[in-house]
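First residue of the sequence shown: 7, per the working numbering; consecutive thereafter. The beta carbon of each residue, even a glycine, is placed where N, CA and C say it ideally should be.
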Amino acid sequence: MNYDELLKKARKAMPKGVAKKERFDVPKVKGHVQGNKTVISNFCQLCDIFCRNESHVLKYLQRELASPASLDGPRLVLGRKISSSLINEKIQKYVKEFVLCKECGKPDTKLIEEGGVIYVKCTACGAKYPIKSKI
Ligand SMILES: [Zn+2]
């Protein structure tokens with residue numbers, strides 16, 4: 007068996023998806039409506055995965071969903087009924103705008119502030135660029 011064949015064999019043995027180019031799958035929110043409010047029970051978990059400050063994500067969602075929001079322990083409570091699909095859409099948008107590196111597409115980034123400007127700094131490829139939208 008030559009090297010190529012070995013490689014093919016190894017790829018086949020891998021679980022599906024691993025051989026593909028690393029793509030960041032944005033996790034879905036776990037939300038439910040409670041009275042007139044919407045509760046996202048895995049909010050802190052999501053922020054951990056994105057390595058983002060909860061208050062940053064909270065402010066973003068508050069603005070995008072035009073709804074008051076507050077933290078309740080690890081949960082996020084939105085002040086009106088909002089469908090999970092809409093929240094997921096906004097989370098995806100957030101990730102695209104603030105988490106994924108525009109150069110290499112990896113999520114290994116952090117936000118840094120310099121002279122009042124927020125930059126995304128990628129720890130994977132070293133790219134650094136300012137964020138236009140203010141939160
Ligand atoms: Zn990068």
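Q. Counting only runs that start and end within the stretch 41–85, where is the alpha helix (DSSP H) found for 4 or more residues in a row?
A. At a cut-off of 4 residues, the continuous stretches assigned as alpha helix (DSSP H) that sit fully inside the stretch 41–85 are 49–56 and 60–70.
Q: List the residues that DSSP assigns as beta-bridge partners of LYS116.
A: Partner(s): LYS127.
Q: Report the three-state DSSP secondary structure of LYS134 (helix, strand or coil).
A: Three-state result, LYS134: strand.
Q. If you draw a straight line from the C-alpha of ILE124 to the C-alpha of GLN68, how long is it?
A. Those two C-alpha atoms are separated by around 19 Å.
(Q) For a test of the three-state rule: what should DSSP assign to VAL39, helix, strand or coil? (A) Here VAL39 sits in strand by DSSP.
Q: Pull up the CB-CB distance for GLU60 and LYS96, whole angstroms please, since I reckon it's below 8 Å.
A: Not a contact, Cβ separation roughly 15 Å.
Q. Helix, strand or coil: which one does DSSP assign to LYS87?
A. Coil, per DSSP.
**Q.** Length of the line joining the Cα atoms of GLY23 and LYS14
**A.** Annotation note: pLDDT 48 at GLY23 (below 50); position unreliable, no value reported.
(Q) Quick check: the Cα distance between PRO74 and HIS62, rounded to an integer number of angstroms? (A) If you take the alpha carbons of PRO74 and HIS62, they lie about 14 Å apart.
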